[in-house]
Structures are given as C-alpha cells and as structure tokens.
Amino acid sequence: MAKLKNYNSSLQHFVIFLTLLLFVSCANHKLYISKIEGKKIGVTNENKDLATFEDVIKPYRETIDKDLNTVLAYTPETIDKNGEWQSTIGNLLADITLQRSNSIFTTREHKNIDLCLLNHGGIRSIIPKGNITTRVAFEIMPFENAAIVVALKGEQILEIANYIISEKKPHPLSGMTFTIGKDKTAKNIQIQGKPIENNTVYYVVTSDYLANGGDNMNFFKKGVASYPIDYKLRNIVIDYFKEIDTVPLTKDIRISVE
C-alpha cells in the first residue's frame, strides 16, 4: 500500500512538471507572417460583376452629383488668379476669409482680425462666368485646410511684405497695403489703413498649412499665439456663395509699385 502511495505521488509530480513544461513552451512560442499573397482583379467590361458594381455605386454618384451641381450664386465675368501682384480671385478669397473668420474670432476672443494672407498656389481653379455651383467651390479649394488666426508682431508683418516681393506671386491679401520701392523693399505698409508699428501685435488669419510654415512662410511660426477657427476654407467659400446673389468684383489696389 505504501509503494502505491509513493507511485501516485511520483505520477502527480510528473504530471505537474509536464504541465509546466508545456505552459512555458507555449508562452515562448511566437507566430510570424511568412508570406502575403494578393491578386489584382481589374474592373473591365469582361468582369461579370461589373454591372453589379455599377448598380451599387450609382445611387451614391447621383446624390453627390446633385449636391455638387447645386447653383449657389452668379458671377458676371470670370474671376481668376492672373495678375502680377494681386488677382481678382485672390482678393475675393482673402476678403471673405477675413470677414467670415472675424465674426467667429470676435465672438470667442473679443478681438478683431487685422489681415488675411493665403497662398497663390492654394487656389486650384477659376470661377467661370455664369452660375457658380458647389462643384466650383470644391475645384477652387480641393484641400481640407482650415482657417487659423496667428498673432504676429509688426516685425513679422514686415517679413510678410518682403516675402511677397521676393516670391513675385499674387498671394491673396486683405487688410494690408504697401508699396514696392525701386530698391525692391516694402514701403508705406499699412494695416487697416494705419501705419504698421513694430511692437504692436496683429491678428492674421491664414490656413493651418501656412501657419505651420507651408510654402516657406516661416514668419507664421514666430507667432506669439494662435487661435484655430475650426472653419474649413472651402466651407467659408461655399457659405459666402450661399448668402449672395451676384459676386462683386474686387479690383482695388493693395500692392503698388513706385
């Protein structure tokens, strides 16, 4: 009887040891992906499922087309980005971005935006003569950039003027005017009709892309504060078109040359 008891005890210890061994073995076992295979299936007329695929996307396409073809406003002539130092579409976009962003900014911060600066390259299309649809707004501003206000000192405002001169592009500008001297430097810089002051903080609305130094606009990274507006530039354009009947043409001189 004593031998049987010792046998059972030995068997029990063996089972425990085997269990622990298996546990440790499984715990250290890792799975790895050894191979990934894929197959390209072309959507062609020979594909039997093409008709089914078309039936699935057709309702979505029709809904999107209907929304994009909605007429929002009218323009008596084409508004484009041509120009040496400013353009009709640049003036328009800068003006409405300043106006609509300012209504939000003043409510939140109890301050006013002084000027707007956008980039010429961010305008991807024109506003053709005739009816303006939602599709036009998406073609002008296809990106998801949002408006943001950056607080800059007068020194950085001077950098903005010098940047525009060096770039030789009609970047959209509103709220700021200056003259390009014969020596290619900025003169008579005015913000909202008043001479610039180096120690004054000015509130500039731009895109979040430019605020992060996009297009080498590094002066924005020197801002003393920033205030996201949470308003996409494209939506600013769409909302503006919805509120008017005919788009006014802005041809005032913002940058002059000696």
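With my numbering as the guide, the letters of the sequence shown map in order to residues 288 to 545. Where is the CB? At the ideal position from N, CA and C, for every residue including glycine. In this text the structure is predicted, and so the values were computed from the model without any measurement.
CA-CA distance, Ser388 to Val492, rounds to 7 Å. At a cut-off of 4 residues, the continuous stretches assigned as alpha helix (DSSP H) that sit fully inside the region 347-401 are 375-396. Within the same chain, and ignoring the five residues on either side of Ser543 in sequence, the residues whose Cβ sits closer than 6 Å to its Cβ are Thr466. Runs of alpha helix (DSSP H) with 4 or more residues, each lying fully within the region 408-474, are found at 421-427 and 441-454, listed in chain order. Bounds of any beta strand (DSSP E) do not take in Ile531, whose DSSP letter is neither H nor E. Here the alpha carbon of Leu359 sits roughly 5 Å from the alpha carbon of Thr420. A distance below 8 Å separates the beta carbons of Arg541 and Thr464. Only exposed fits Ala512, as fewer than 16 other CB atoms lie within 10 angstroms of its CB. Distances from the alpha-carbon of Ser390 to those of Asp532, Asp539, Ile525 and Ile516 put Ile516 closest. The C-beta distance from Ala433 to Leu520 rounds to 7 Å, short enough to meet the 8 Å contact threshold. For Asp342, the three-state secondary structure derived from DSSP is helix. One Cα belongs to Lys456, the other to Lys353, and the distance between them is close to 36 Å.
By the Cβ rule, the region 400-412 counts as touching the region 486-506, because three or more pairs are nearer than 8 Å.
For the 8 Å CB-CB criterion, Glu431 and Ser412 do not form a contact. If the five residues before and after Glu396 are omitted, its C-beta is found closer than 7 Å to the C-beta atoms of Tyr514, all from its own chain and listed in chain order. Residue burial annotation: Pro429 is exposed, with fewer than 16 other C-beta atoms found within 10 angstroms of its C-beta.
A distance below 7 Å between beta-carbons, with the five flanking residues on each side excluded, links Ile376 to the following residues of its chain, in chain order: Ile366, Asp367, Lys368, Ile410, Ile413 and Ile414.
If you draw a straight line from the Cα of Val524 to the Cα of Ile452, it is about 27 Å long.
For Ile478, the secondary structure class from DSSP, reduced to helix, strand or coil, is strand. Rounded to the nearest whole angstrom, the C-alpha separation of Glu371 and Pro459 is 12 Å.
Within a 10 Å sphere around the beta-carbon of Gln443 sit 16 or more other beta-carbons, which makes this residue buried. Apart from the 5 residues on each side of it in sequence, Asn449 sits with its Cβ closer than 8 Å to the Cβ of Thr472 and Ala473 in its chain, given in chain order. Proximity to Gly441 across Asn486, Lys416, Glu454 and Ile344 peaks at Asn486, based on C-alpha coordinates. Counting only the Cα atoms, Gly417 lies some 40 Å from Lys508.
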